[in-house]
Amino acid sequence: MKKLALLILIFGVMGVVPAHEADCPYCAEKIVQNTDKQDNEVVVKVGNKRIEYRCLYCVIKDQKRYKGDLVVYAPSEKVGNPVVIKRTGGKWAGPEKMVVLNVFKKHSECAALSRAFSTREALDAYVKQNNVQNSKALSLKEFIELVEKPVQK
Amino acid sequence: MLCLVPAVGWAQSDHTNVESGHPLGFDDAYSIGYGARSFGFSRSFGPENDFHVGATYGFAKNQDFTIGYDTNGQELEVSYFRGLRREIEDHSGLAYRVSAQVPRNGSAYLTVRGIATKHLGQYGKLHLNVDLLLASEGGIGITLGYSSPIGIPRHFDTQFVAEVNGSVTANQRSTARFGVGLRHQVNPVTVADIGIQVNAEETRLKFGMSVAF
Amino acid sequence: MNLLPSLVLALGPPAWLGGAGADHLSVMPAVHNWAIQRLPAFARDMHGTGVGHAMAYEAMARGEVGTLESHTFDRIDRVLHNPPRNPVDEASISPTFIRQYGALEKVFDWAHLLHFQTIDVLIHPGWSQARRDKEIEKLWRYYQSQPYALTGLPMNMEFLSSSPYDGAFRRAYPKVNGLFWGYHWLQTAAYDMLYEIEPRDQISQYVVLGDQYRRVELYRTKRDFMPMTAEMSPRFSKRFPMIANAFDNLHMLHDNVNDILAQDWEKSRKQAEVKAAIIRVLASTHVDEEPGEGEGLHDHEHVPSVPGMGKMKGSDGDIMFMSGMGWMDMSRCAHCSIPLPEETATVSANGWTMVVRCLACARDMAAETPGQAIIRTHIQGSSRTLVLISDEQGNWQSNIQGVVFLEQAGEHPECADWSRAFASSESFDAFVRNNQISGASPLSLQSWSERNLGKPPTFRKMDRPNPYGVKD
Numbered sequence: 001m002k003k004l005a006l007l008i009l010i011f012g013v014m015g016v017v018p019a020h021e022a023d024c025p026y027c028a029e030k031i032v033q034n035t036d037k038q039d040n041e042v043v044v045k046v047g048n049k050r051i052e053y054r055c056l057y058c059v060i061k062d063q064k065r066y067k068g069d070l071v072v073y074a075p076s077e078k079v080g081n082p083v084v085i086k087r088t089g090g091k092w093a094g095p096e097k098m099v100v101l102n103v104f105k106k107h108s109e110c111a112a113l114s115r116a117f118s119t120r121e122a123l124d125a126y127v128k129q130n131n132v133q134n135s136k137a138l139s140l141k142e143f144i145e146l147v148e149k150p151v152q153k
Numbered sequence: 154m155l156c157l158v159p160a161v162g163w164a165q166s167d168h169t170n171v172e173s174g175h176p177l178g179f180d181d182a183y184s185i186g187y188g189a190r191s192f193g194f195s196r197s198f199g200p201e202n203d204f205h206v207g208a209t210y211g212f213a214k215n216q217d218f219t220i221g222y223d224t225n226g227q228e229l230e231v232s233y234f235r236g237l238r239r240e241i242e243d244h245s246g247l248a249y250r251v252s253a254q255v256p257r258n259g260s261a262y263l264t265v266r267g268i269a270t271k272h273l274g275q276y277g278k279l280h281l282n283v284d285l286l287l288a289s290e291g292g293i294g295i296t297l298g299y300s301s302p303i304g305i306p307r308h309f310d311t312q313f314v315a316e317v318n319g320s321v322t323a324n325q326r327s328t329a330r331f332g333v334g335l336r337h338q339v340n341p342v343t344v345a346d347i348g349i350q351v352n353a354e355e356t357r358l359k360f361g362m363s364v365a366f
Numbered sequence: 367m368n369l370l371p372s373l374v375l376a377l378g379p380p381a382w383l384g385g386a387g388a389d390h391l392s393v394m395p396a397v398h399n400w401a402i403q404r405l406p407a408f409a410r411d412m413h414g415t416g417v418g419h420a421m422a423y424e425a426m427a428r429g430e431v432g433t434l435e436s437h438t439f440d441r442i443d444r445v446l447h448n449p450p451r452n453p454v455d456e457a458s459i460s461p462t463f464i465r466q467y468g469a470l471e472k473v474f475d476w477a478h479l480l481h482f483q484t485i486d487v488l489i490h491p492g493w494s495q496a497r498r499d500k501e502i503e504k505l506w507r508y509y510q511s512q513p514y515a516l517t518g519l520p521m522n523m524e525f526l527s528s529s530p531y532d533g534a535f536r537r538a539y540p541k542v543n544g545l546f547w548g549y550h551w552l553q554t555a556a557y558d559m560l561y562e563i564e565p566r567d568q569i570s571q572y573v574v575l576g577d578q579y580r581r582v583e584l585y586r587t588k589r590d591f592m593p594m595t596a597e598m599s600p601r602f603s604k605r606f607p608m609i610a611n612a613f614d615n616l617h618m619l620h621d622n623v624n625d626i627l628a629q630d631w632e633k634s635r636k637q638a639e640v641k642a643a644i645i646r647v648l649a650s651t652h653v654d655e656e657p658g659e660g661e662g663l664h665d666h667e668h669v670p671s672v673p674g675m676g677k678m679k680g681s682d683g684d685i686m687f688m689s690g691m692g693w694m695d696m697s698r699c700a701h702c703s704i705p706l707p708e709e710t711a712t713v714s715a716n717g718w719t720m721v722v723r724c725l726a727c728a729r730d731m732a733a734e735t736p737g738q739a740i741i742r743t744h745i746q747g748s749s750r751t752l753v754l755i756s757d758e759q760g761n762w763q764s765n766i767q768g769v770v771f772l773e774q775a776g777e778h779p780e781c782a783d784w785s786r787a788f789a790s791s792e793s794f795d796a797f798v799r800n801n802q803i804s805g806a807s808p809l810s811l812q813s814w815s816e817r818n819l820g821k822p823p824t825f826r827k828m829d830r831p832n833p834y835g836v837k838d
């Protein structure tokens, strides 16, 4: 029953993704649209708003813009089945088995290389299929710590 | 009378546009704007207390007309101002003013004032006023005025003014005067002014206000 | 090929351009003058724009362009954070510039007076909208009575920005150019904040717009193009296209002048180029010309559904590139891409303003955008324009207490029928009864706020390259 409620919530929200293929509020690159084979749009639900981002990294970098709680629907390895992570009372939490890939060098690559996966196996498959170099599976906590570190140029 | 040639120019409602009577005795080379109307009054405290009221109308480009009244001398005052040239590159702005004062008792005065304005440094301006008293007695007066905004680059609503004046009449009576004052923009249409003028005989404190309407 | 100089030479300069008089002009005497002071935060920001313009021009006239992005920017920024309570005399802040470019100052001053007085009319309390409209038309005639007036015809913006030196200023001094375009954002966004809005409903909007201006718009360094009046204030521009055009022409003149002053030329050449730039946009240069006609300098074609906006770079009929939004069809709803009806709503968020067909489109478009938002529309059952303001979480507040909504989601070609607002339940009931709508119940503001219909299936994104080649 719990699972069904979650599915309704997820599909409910994913059914109202933003209409406009706008630029990412953080990196200002174009939002990569969902395709039949892969979801790409990261949706942040804040109150009644649903804001699109290009990748999970951009969401975490831009999170201070928002007061209150956030729900992030991060595209996963399965179409229509995002990884749902939440910021509640300032603390982030996500599914226990989720992992994050975050190896992009330039924002032009962030949509492909900063992504959430429901399992480690799914990340490995994605890395293999897309020939991603230097990949590392990060827990949500590790990922957030990494993103919040000042960028070293 | 402190000033040999008290040219009248009563009611500029922009604090940067210096006018005779508010609070000192010199003009800059710029008229009130075309179509502008303003009203002003000035109160001065000295051995004789004066109260002037007047209204100015910019009836044409670079030209204005003023009508005023001085309660102390019971004089009706009228004045015509004409700007001839704005300050361009290194050339001074030029203007003249013709004023007539008609006391209730006694002879009328007619004054012609030549005015030159030129920047001194980035923001300060020098104003040379040369007055010729044509009637009822002859005379000449020269005023070197100075104005400069106070507070730039943070504040833009106050102007410092100072003057040195010397004059001599046909009967060899001569006077010298020094004055300092401030003009402050109170709101978009109102300028308040305060100043002090000193000569060998008296010290005069002045307050005034000009309002556009 | 650049035709600008030869065209201007052929025109010959109007006599006043070489005149020596100061020619100071006054506002049209009126009871509404300086009503802007009733919105103190807005008034101060507007006065601050005058300081910003003057300080930058003074630095350029004094040969201090090297300080623009550092010392001069800091000085301006300090004033913009603590703007003056009263209007400033720009000539007293930029005396060197005025001595060199006195004719230009006449054009700027005269247009700025129109800016301020139009705003005053829209803020002055107690007048009907019809009286305000009439007074603005009178102001326009007063403005046009002087030779310094800019044309109210739409001008081809691509043509006006086709000189070899175009863009020099924004490339070399992006921070100060950002300030200029920030001022122009404020000046153009203000009109829809005020137009057809009762004075009591104006202040609350400026809380949102003022914050956007001070925090974001002043510091945008990579806009594609200057803010256009009809983009920022589509409702006002539709009613007064000539004023919208004149302001755009004014802002283009600012851009041209900036580009000229940024050149490493002799002063005399800069002065000649500035005069040429003035002549291009003067009303006297375009006498007896008509909107929608002409070529080159005299091309007054406009975006067909937006008579208050000249032809933009790359525009094709109603399709044009809007900075921050991409390619848009101006005749269609920005959210659902269905042609706009006569009665529309606007939604403002994140610095842009878009025209949409209905309140559902407005709400859902705002919901996709970070930050606060404003919706403005006429409403059934009230002569007062509905002003909805949302917080950063999409919770809306209304200027009309008791507002209710009809939203029986159907297909978007009919969305202007099934999504509407009403001043009261009674007006809702009357509408539902008169239009024989079955099963409709009024939605409260909160219930309406929580809705989201998502991506309209009718939405069509235009994927074309940015004609300005700028990436924000």
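Residue numbers (our numbering), protein chains in the order written: chain A, 1 to 153; chain B, 154 to 366; chain C, 367 to 838.
Glycine included, C-beta positions come from ideal geometry on N, C-alpha and C.
(1) With DSSP as the reference, identify every bridge partner of valine 393 of chain C, one or two as the case may be.
(2) Which full runs of the beta strand (DSSP E) of 3+ residues lie inside the stretch 89-131 of chain A, going along the chain?
(3) For leucine 369 of chain C, which of helix, strand or coil comes out of DSSP?
(4) Give every residue of the same chain whose Cβ lies closer than 6 Å to the Cβ of methionine 594 of chain C, excluding the five residues on either side of it in the sequence, and list them in chain order.
(5) Under 6 Å Cβ to Cβ from glycine 298 of chain B, same chain only, skipping five residues before and after it: list those, please.
(6) Using alpha carbons as the reference points, say which of B:Arg239, B:Gly292, B:Leu273 and B:His244 lies closest to tyrosine 262 of chain B.
(7) Hey, how far is the Cα of threonine 322 of chain B from the Cα of phenylalanine 218 of chain B?
(8) Considering just the uninterrupted stretch of the beta strand (DSSP E) at serine 603 of chain C, what are its terminal residues?
(9) Hey, how far is the Cα of lysine 149 of chain A from the Cα of arginine 115 of chain A?
(10) Please classify glycine 162 of chain B as buried or exposed, where buried requires at least 16 other C-beta atoms within 10 Å of its C-beta.
(11) Hey, how far is the Cα of glycine 544 of chain C from the Cα of alanine 733 of chain C?
(12) Can you give the beta carbon distance from tyrosine 579 of chain C to glycine 548 of chain C, rounded, assuming they're within the 8 Å contact cut?
(13) Taking its Cβ as the centre, do 16 or more other Cβ atoms sit within 10 Å of tyrosine 585 of chain C, making it buried, or is it exposed?
(14) Identify the residues that DSSP records as bridge partners of tryptophan 718 of chain C: which are they?
(15) Just tell me which of B:Ser232, B:Ser252 and B:Ser191 has its CA closest to the CA of leucine 286 of chain B.
(16) At which residues does the beta strand (DSSP E) containing tryptophan 400 of chain C begin and terminate?
(17) In chain C, which residues lie with their C-beta within 7 Å of the C-beta of glycine 186 of chain B?
(18) Please confirm whether alanine 388 of chain C and tyrosine 276 of chain B have their CB atoms less than 7 Å apart.
(19) Distance check for glutamine 466 of chain C and valine 158 of chain B, CA to CA, integer angstroms please.
(20) Could you have a look at serine 458 of chain C and say whether DSSP puts it in helix, strand or coil?
(21) To the nearest angstrom, how far is the alpha carbon of arginine 357 of chain B from that of proline 200 of chain B?
(22) Taking 7 Å as the CB-CB limit, is valine 158 of chain B close to chain C?
(23) Thinking alanine 612 of chain C and glycine 518 of chain C are a contact (beta carbons under 8 Å), I'd like their distance in whole angstroms, please.
(24) Taking 7 Å as the CB-CB limit, is phenylalanine 313 of chain B close to chain C?
(25) Below 8 Å CB to CB, which residues in the same chain sit around alanine 353 of chain B once its five sequence neighbours on both sides are set aside?
(26) Consult DSSP for valine 351 of chain B and reduce its assignment to one of helix, strand or coil.
(27) Counting C-beta neighbours from all protein chains within 10 Å, is the total for phenylalanine 198 of chain B 16 or more, i.e. buried, or is it exposed?
(28) Using a Cβ-Cβ distance cut-off of 7 Å, determine whether valine 454 of chain C contacts chain B.
(29) What does glycine 332 of chain B pair with, by DSSP beta-bridge criteria?
(30) How would you list, in chain order, the residues of chain B whose beta-carbon sits under 8 Å from the beta-carbon of tryptophan 784 of chain C?
(31) Return the first residue and the last residue of the beta strand (DSSP E) that methionine 694 of chain C is part of.
(32) Check the Cβ of isoleucine 51 of chain A against every Cβ in chain C and list those closer than 9 Å, keeping chain order.
(33) Taking alanine 596 of chain C as the reference, give the member of C:Leu575, C:Tyr557, C:His666 and C:Asp567 with the closest Cα.
(34) I'd like to know whether the C-beta atoms of threonine 209 of chain B and isoleucine 241 of chain B end up nearer to each other than 7 Å.
(35) Quick check on asparagine 215 of chain B - is its C-beta less than 7 Å from some C-beta in chain C?
(36) Look at the alpha carbon of leucine 479 of chain C and the alpha carbon of phenylalanine 525 of chain C, and state the distance between them as a whole number of angstroms.
By the coordinates alone:
(1) Answer by DSSP bridge pairing: none, since valine 393 of chain C is not bridged.
(2) DSSP runs (the beta strand (DSSP E)) wholly in the stretch 89-131 of chain A: 91-93, 99-102 and 114-117.
(3) In this predicted model, leucine 369 of chain C has a pLDDT of only 48, less than 50, meaning its place in the structure is not dependable; the value taken from the coordinates is given anyway. Secondary structure of leucine 369 of chain C (DSSP, three-state): coil.
(4) Residues Asp614 and Met675 of the same chain have their beta carbon placed closer than 6 Å to that of methionine 594 of chain C, with the five preceding and five following residues left out of the count.
(5) Cβ neighbours of glycine 298 of chain B beyond the five flanking positions: Phe179, His280 and Glu316.
(6) The shortest C-alpha separation from tyrosine 262 of chain B is found at B:Gly292.
(7) Using only the alpha carbons, I get a separation of about 27 Å.
(8) DSSP places serine 603 of chain C in no beta strand (DSSP E) but in the uninterrupted alpha helix (DSSP H) bounded by 600-605.
(9) Between lysine 149 of chain A and arginine 115 of chain A, the C-alpha separation is close to 18 Å.
(10) Reliability fails at glycine 162 of chain B, whose pLDDT of 44 lies under 50, so the model's placement of it is uncertain and no value is given.
(11) Going by the C-alpha atoms only, they are around 27 Å apart.
(12) Tyrosine 579 of chain C to glycine 548 of chain C, Cβ: 7 Å. Contact.
(13) Classification of tyrosine 585 of chain C: exposed, given that the 10 Å Cβ count is below 16.
(14) DSSP output for tryptophan 718 of chain C lists C:Ala715 as bridge partner(s).
(15) Of the residues B:Ser232, B:Ser252 and B:Ser191, the one whose Cα lies closest to the Cα of leucine 286 of chain B is B:Ser252.
(16) Per DSSP, tryptophan 400 of chain C belongs to no beta strand (DSSP E) and is neither H nor E.
(17) Chain C residues near glycine 186 of chain B: His390, Leu391 and Ser392.
(18) Not a contact, by the Cβ cut-off of 7 Å.
(19) For valine 158 of chain B, the predicted structure reports a pLDDT of 42, less than 50, and the residue's modelled location is therefore unreliable. A value from the coordinates is still provided. Each residue's Cα considered, the two are about 34 Å apart.
(20) Here serine 458 of chain C sits in helix by DSSP.
(21) Using only the alpha carbons, I get a separation of about 8 Å.
(22) No answer about valine 158 of chain B holds up, because its pLDDT of 42 lies below 50 and its placement is not dependable.
(23) Yes, alanine 612 of chain C and glycine 518 of chain C are in contact; Cβ-Cβ is about 5 Å, under 8 Å.
(24) For phenylalanine 313 of chain B, the answer is no, since every Cβ of chain C falls outside 7 Å of its Cβ.
(25) Excluding the 5 residues flanking it on each side, alanine 353 of chain B has same chain C-beta neighbours closer than 8 Å at Thr328 and Ala329, in chain order.
(26) DSSP places valine 351 of chain B in strand when its eight states are reduced to three.
(27) Looking at its Cβ environment, which holds fewer than 16 other Cβ atoms inside 10 Å, phenylalanine 198 of chain B is exposed.
(28) For valine 454 of chain C, the closest Cβ of chain B is nearer than 7 Å.
(29) Partner(s): B:Glu316 and B:Gln350.
(30) Those within 8 Å of tryptophan 784 of chain C in chain B number zero; the least Cβ separation is about 48 Å.
(31) Taken as a continuous stretch (DSSP letters only), the beta strand (DSSP E) holding methionine 694 of chain C covers 692-695.
(32) Contact annotation for isoleucine 51 of chain A against chain C: Ala733, Glu734, Thr735 and Pro736 [CB-CB distance below 9 Å, chain order].
(33) Distance from the Cα of alanine 596 of chain C is smallest, within the candidate group C:Leu575, C:Tyr557, C:His666 and C:Asp567, for C:Tyr557.
(34) With respect to isoleucine 241 of chain B, threonine 209 of chain B sits apart: the two C-beta atoms are not nearer than 7 Å.
(35) With 7 Å as the cut-off, asparagine 215 of chain B counts as an interface residue toward chain C.
(36) Looking at the two C-alpha atoms, the distance is approximately 27 Å.
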